[in-house]
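Peer 1:
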Amino acid sequence: MAKSISFSRLPGGNPIFQDYVKSFERVRHLYSVNYPDPPAQWSSVTHRQGTTEDRTDLVEGLLDDARRWNCTRQTRQHIEALRHPDTLAVVTGQQVGLFGGPLYTFYKATAAVLWAQALQALTGRLAVPVFWMETSDHDFHEVNHIRMLDPGGDEALLQLPHAPEEKRRIVGTITLNGEIEKLIQRLWALLPANTYRGPFLEQLRSFYHPGETLGDAFARFMAHLFGEDGLVLYDAENARCKKPLAPLWDRILASSPELNRLLTEATQQVHRSGYPPQIQPQNDRLQLFLRTGDVRVPVTLRGELLHDGRPPEKLGLEELRRRAERHPELFIPKVSLRPVVQDYLFPTAAYIAGPAEIAYLAQLLPLYRQLGVTPPAVIPRLSVTLIESKVRKVLDKYNFTPEQLRLGADPLIHQLLSADPSNDPVSLFAGARRKWEEINDELMGGMMAIDPTLEHTVEKTMERQRQGLDLLEVKAREAIQRKHETLVAQVRKACVNLMPGGQLQERRYSLPYYLARYGRSLSLKVRQQCQVDLYRHQLVYLEEGE
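Quick note on our numbering: the sequence shown kicks off at 10 and runs consecutively.
1) Have a look at R311, V42 and E327 and flag the residue whose alpha-carbon is nearest the alpha-carbon of P321.
2) Apart from the five residues on each side of it in sequence, which residues of its chain come closer than 6 Å, Cβ to Cβ, to C250?
3) What would DSSP say about I288, mapped onto helix, strand or coil?
4) Taking the alpha-carbon positions, what's the F140 to R37 distance?
5) Using 8 Å as the threshold, is the segment 147 to 166 in touch with the segment 265 to 278, meaning 3 or more CB pairs across them?
6) Looking at the structure shown, is Y360 part of a helix, part of a strand, or coil, going by DSSP?
7) What residue from P285, V467, L437 and Y369 has the CA that sits closest to L481's CA?
8) Under DSSP, the alpha helix (DSSP H) around Y523 begins and ends at which residues?
9) Report the option in V467, E447, E446 and I448 whose CA atom is closest to the CA atom of M456.
10) DSSP state of Y243, grouped into three classes?
11) Residue ranges of each beta strand (DSSP E) run of no fewer than 3 residues wholly in the segment 314 to 402, ordered along the chain?
12) So P337 and L254 are supposed to be a Cβ contact under 8 Å. How far apart are they, rounded?
13) From L19 to I489, what distance separates their C-alpha atoms?
14) List the residues that DSSP assigns as beta-bridge partners of I155.
15) Taking a contact to mean a Cβ-Cβ separation below 7 Å, would you say Y522 touches L196 in this structure?
16) Under a three-way DSSP split, which group does M142 fall into?
17) Do you know how far the Cα of G181 is from the Cα of E313?
18) Taking the beta strand (DSSP E) that V304 belongs to, which residues open and close that run?
19) Is G312 helix, strand or coil when you go by DSSP?
20) Straight-line CA distance for R85 to A121?
21) Going by DSSP, what residues sit across from Y550 in a beta bridge?
22) Quickly, what does DSSP pair A560 with across the bridge? List them, please.
23) Within a Cβ cutoff of 7 Å, which residues of the same chain sit near A125, ignoring the five residues on either side of it in sequence?
24) Would you check if the distance between the CB atom of L185 and the CB atom of E221 is smaller than 7 Å?
25) How close, in whole Å, do the beta carbons of Q296 and L346 come, if the pair is a contact with beta carbons under 8 Å?
26) Taking C-alpha atoms, which residue in A232, L223 and V382 lies nearest to R178?
27) On the DSSP letters alone, give me the boundaries of the beta strand (DSSP E) that D12 sits inside.
28) When we look at the beta-carbon of G106 and count the other beta-carbons within 10 Å, is it buried (16 or more) or exposed?
29) Using the C-alpha atoms, what's the distance from Q129 back to V30?
30) Output the boundary residues of the beta strand (DSSP E) element that contains Q296.
31) Considering Cα atoms alone, identify which of R281, A362 and V400 is closest to P385.
32) The alpha helix (DSSP H) that contains F115, what's its start and end?
33) Tell me which residues share the same chain as L329 and place their Cβ nearer than 6 Å to its Cβ, disregarding the 5 neighbours each side in the sequence.
34) List in chain order: all unbroken alpha helix (DSSP H) runs of 4+ residues lying wholly within the segment 448 to 494.
35) Apart from the five residues on each side of it in sequence, which residues of its chain come closer than 6 Å, Cβ to Cβ, to E175?
36) Assuming contact is defined by CB atoms lying nearer than 7 Å, are V500 and A418 in contact in what I supplied?
Following this line, the structure appears as structure tokens:
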């Protein structure tokens, strides 16, 4: 049985996600499929054959990329299988983060692989795992850095230093320069010296090097990690893969006011149900961007392009519809339509989603219906904390559970030290303050009898004494912590390992530290110790040398 923690006991909980995994009846009306019930779930989605009748362009575009990225035979076979109407897809996705992005990106892809295997076993139909690389995103600051542990057990930040000049530059097309070499050299200095470090960094350098784009580097890294699983990688900026989208773009452009109305109503329904909506509708905008060069540009309902720093460019809806027919690769869906586009292209039986995605998908069911696209089952991704043996020893030594670390180091240190009265200055200083107040009351009374005009002087003197007492208490606490510096250091490092900055490890840290320390056994440990259908935060214990 996997060791796990309820999401309700962890930081950063999303209310609608919490109910989705624990009390689905409360949110059933917002989703199309009852995810906790596998038989009902699969019977409702396995009938689908995708929305696009001919997947030739999709498949050929995927194969072109697979060859460029040196994908495995297993991946190419899975791509070829998408030609067949009986093939199903289990899809997940994420932005193309530096060096693989946050750990949860790795867990998403792992969950897609495992669920595809489960779906195939349950239905007897081929199910392929697909990873949608959101190369069309423009948030460079979300993908340009990683955080990791340094040799001293503290947090280190590695970051590409220069943002693109264009505010809405598509991140997948950004070309790496010499700064990437400096980052990899710094990574070498930060990673533990062992048998895995050299080979890992040699591989990483072959993916991330000057002249490569962020999108292609990410794809090569993922192809390396999940090649044996046949993970299909979809680049959202692949022009040939987007050819089949022309009819969908036209449908969207023709019904944009209605789509905006439906999104607004769905947003209000989510709000009435007691949840904060993830997507805030913009009723004067299309739910599409138009790509101009390497920049994605918002478009108004009237067909005006809202360029940064210059007046709107008037195209008109009819011109947009003509462009959509001739150049479907130029159109990019906003977050409200990205899942719909995904499920129009692929025969998606299930989508592996994170908490924020599950929350915003609650607003999208009417858009699926309006555009005639079948929504998939929505399944929570794997959520994992990796616990190294050195951290596990600290937890065992002080009898802490991993979720207690969300409180932060200082409260936990205080809790441990206060168990011994000699380590707790609270009672000492509380008694001193009571006596001090009694003496001050008596002194004030006597001084007022001598000369009432001295009241202000007495109060200022007493305030300085009060501050001095507070300072003494701080010094006492610091002295106690120095006396127990090993305990203090161990608790602080455990918090930095498992709950850095009060966040879940999977949201804060990235893969390089763990791959360089444990090699390919990391993936094996996650798969051995996790249950993909548990829908709780799971704990994976790591031992060096395994």
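Beta carbons: idealized from backbone N, C-alpha and C, even for Gly.
Peer 2: Working from what's here:
1) R311
2) L67 and G70
3) coil
4) 26 Å
5) no
6) strand
7) L437
8) P521 to Y527
9) V467
10) strand
11) 340 to 342, 357 to 362, 386 to 389 and 392 to 397
12) 5 Å
13) 30 Å
14) L167
15) no
16) strand
17) 25 Å
18) V304 to T309
19) coil
20) 17 Å
21) I396
22) Coverage of the chain is limited to positions 10 through 555, which leaves residue 560 absent and any answer about it impossible.
23) V99, A136, V137 and P138
24) yes
25) 5 Å
26) L223
27) With the sequence shown as reference, residue 12 is identified as Lys, and Asp is not the correct amino acid for it. That run of the beta strand (DSSP E) goes K12 to I14.
28) buried
29) 24 Å
30) R294 to T301
31) A362
32) L112 to T132
33) L262 and G312
34) 464 to 492
35) V304
36) yes
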